[in-house]
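**Q** Quick one: the structure is below, and I'll ask about it shortly.
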Amino acid sequence: MTTFDLVIRNGKIVTATDTYIADIGINGSKIVEIGFNLAGHETVDASGLLVMPGGIDGHCHIEQVEADGTIHEDDFVSATGTALLGGTTTVVCFASHIPEKGLVEQFEDYRARGANSRIDFAIHQIITRTDDKTLREEITVVAERGAAGLKVFMTYDDFHLSDGQFLQVLEAAHQSNIIVSVHCENYDAIRHLILRHLEEGRTEPHGHATSRPASVEREATYRAMTMSELVDQEIQIFHVSCPEVAEEISRAQSRGVKVTAETCPHYLTLTEEALKYDGFEGTKYICSPPLRTQAQQDGMWQYLRNGVISIISSDHCGYTFDGTVGKGRHGRDADFSLIPNGMPGLGTRMPVFYDAAINSGKLALTDFVRLTATTPAKRYGLYPEKGTIAPGSDADLILWDPERVVTITNDLFKSNIDYTPYEGRTVRGWPVKVFLRGTLAMDDGSLLAAPGNGKFHKARHR
């Protein structure tokens, strides 16, 4: 009988297609065998626990350089520690494309920053300009060097591309066989609505939601899909916030457009009412697209069940609440248009989504794994090393206690970011052990993986 380096025994294994009780035999960093009564030099009893693939968060802003030279406060050490504590073993984050620096230079600079990661990582490359060198040379190079995809914005002053520029990026991506992910909101409509709000004195945080209604997200999503259809280029719609947008995507998919979509736990568990909290408190919940109504939240679940939305990401974008460099960088009396957009979510992504989806009976356990691990791995060129439990795959595994009840506080995550939008929320279901490539990386709330433990994963493009 083979004796493995490590055996995880008697757990209920959950993949995107199956649930069953078995042992997992691991040698080094890889799963070697799944069976019964396996022998190991080390064994871990997972009786009563779910054993799932390590989570893959495909949309994380970590230590990202902005156009004004500032760097996101949540660095690789902090953010990936938070990820581990919440059951995530791989993140896909963003290399910037700031002025006067080349695309390849910025990709390699960001890859070097990732050397401090506690977990494995891949990189999306943002595109903010369409000069000849970017389009004809550098997109090809970053694709060859393993970028998981390109990211374009249809809004924000420093990032947005015109329709013509977007088409140029789609054509370049098509030539390099790399996916394009899109932030879909109508830039000019938002600018118009913000101006009207400020003229009317509507400066409070809730103005963020009313100045970015679902219609501006729906229109931009339709436009992005139309342009992708012209070029026959696959796109991914990031952070779908409401059923109106999901329905547009469903219609496009039904006519053969190559489009997939993700959403985030905050669109399934929080509403725009949080933006009405007194004073500066509401700024904690400013993100784009904004939080929507309860009715819109309720309408989202059908699109997770039918596969129109196939990925759950965090869109982790942490800004501190206290002090003068995060949410308060323009003062605590600043109007909503000056507040940095984004919320932290890396550590809470899986527990909050699990509680909302599984404990309510809205989704099955296999759906949970499909949405949080398997489909992201496939979408970003990381499968089958990541995102599944099978011989030959990396031994990235979560031991999940489905009965553990936890009241979320920010102190749980040891983060550079000083708040969580889920402070005080009680959930049932929590990761108790996390293995990264066969090594115990998190044990009952204790971080064991050191900075630098993570590896860059080069995406394999179709």
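The sequence shown: position 127 = 126 (numbering that gives the first Met the number 0), numbered continuously. No residue lacks a Cβ here, since even glycine has one placed at the ideal position from N, Cα and C. Computed from a prediction, not measured in an experiment: that's the story for all the values here.
If we count the other Cβ atoms within 10 Å of its Cβ and call it buried at 16 or more, is N36 buried or exposed?
**A** N36 is exposed by the Cβ-count criterion.
**Q** How far does the alpha helix (DSSP H) with R163 in it reach, from first residue to last?
**A** The residue you asked about is not Arg; residue 163 is Gly in the sequence shown. Where G163 is concerned, the enclosing alpha helix (DSSP H) stretches over 162 to 175.
**Q** Nearest CA to the CA of E233: which residue from Y379, G327, R348?
**A** Nearest option by C-alpha distance: Y379.
**Q** Smallest Cα separation from P512: which of K385, Q174, I308, M153?
**A** Past the edges of the chain, shown from 0 to 461, lies residue 512, and the structure says nothing about it.
**Q** Is the number of C-beta pairs between the segment 81 to 94 and the segment 112 to 130 that are closer than 8 Å three or more?
**A** With a cut-off of 8 Å, the segment 112 to 130 and the segment 81 to 94 count as touching, because enough Cβ pairs lie within range.
**Q** Which of helix, strand or coil does DSSP assign to M299?
**A** M299: helix per DSSP, three-state reduction.
**Q** Can you give me the Cβ contacts of H173 inside the same chain, cut-off strictly under 8 Å, excluding the 5 residues immediately before and after it?
**A** The answer, listed in chain order, is V230, D231, Q232.
**Q** Measuring alpha carbon to alpha carbon, tell me which residue in H182, V431, T373 is nearest F158.
**A** Here the closest residue by C-alpha is H182.
**Q** With burial defined as no fewer than 16 other Cβ atoms inside 10 Å of the residue's Cβ, what is the status of G10: buried or exposed?
**A** So G10 counts as buried.
**Q** What are the boundary residues of the beta strand (DSSP E) that includes D32?
**A** For clarity, residue 32 is Glu in the given sequence; the question names Asp instead. First-last of the beta strand (DSSP E) with E32: 29 to 34.
**Q** A223 and V244 - do their beta-carbons sit closer together than 8 Å?
**A** No.
**Q** DSSP puts M342 in a beta bridge; with which residues?
**A** According to DSSP, M342 bridges with H315.
**Q** Between which residues of its own chain and R110 is the CB-CB distance below 7 Å, once the five residues before and five after are set aside?
**A** Hits under 7 Å: I122, F455.
**Q** If you draw a straight line from the C-alpha of N115 to the C-alpha of E422, how long is it?
**A** Distance between the alpha carbons of N115 and E422 is about 28 Å.
**Q** Put D477 into one of helix, strand or coil per three-state DSSP.
**A** Residue 477 falls outside the range modelled here, since the chain spans only 0 to 461, and no answer is possible.
**Q** A146 by DSSP, collapsed to three states: which one?
**A** In the structure shown, A146 sits in coil (DSSP, three-state: anything other than H, G, I, E or B).
**Q** Could you check whether the segment 325 to 341 touches the segment 382 to 402, counting it as contact only if at least three pairs of C-beta atoms, one from each stretch, sit closer than 8 Å?
**A** Short answer: they don't touch.
**Q** Could you give the first and the last residue of the continuous beta strand (DSSP E) run that contains Q235?
**A** Run containing Q235: 234 to 236, per the beta strand (DSSP E) assignment.
**Q** Buried or exposed for V404, please, with buried defined as at least 16 other CB atoms from any protein chain shown within 10 angstroms of its CB.
**A** Exposed: under 16 other Cβ atoms inside 10 Å.
**Q** Return the CA-CA distance between Q301 and T373, expressed in angstroms with no decimal places.
**A** Taking the straight line joining both Cα atoms gives about 20 Å.
**Q** Assign Y284 to one of two classes, buried (16 or more other C-beta atoms within 10 Å of its C-beta) or exposed (fewer than that).
**A** The residue is buried, with at least 16 neighbouring Cβ atoms inside 10 Å.
**Q** Roughly how many whole angstroms lie between the Cα atoms of H191 and P339?
**A** Cα to Cα, the separation comes out at about 19 Å.
**Q** Which residues share a DSSP beta bridge with P430?
**A** Paired residues: W399.
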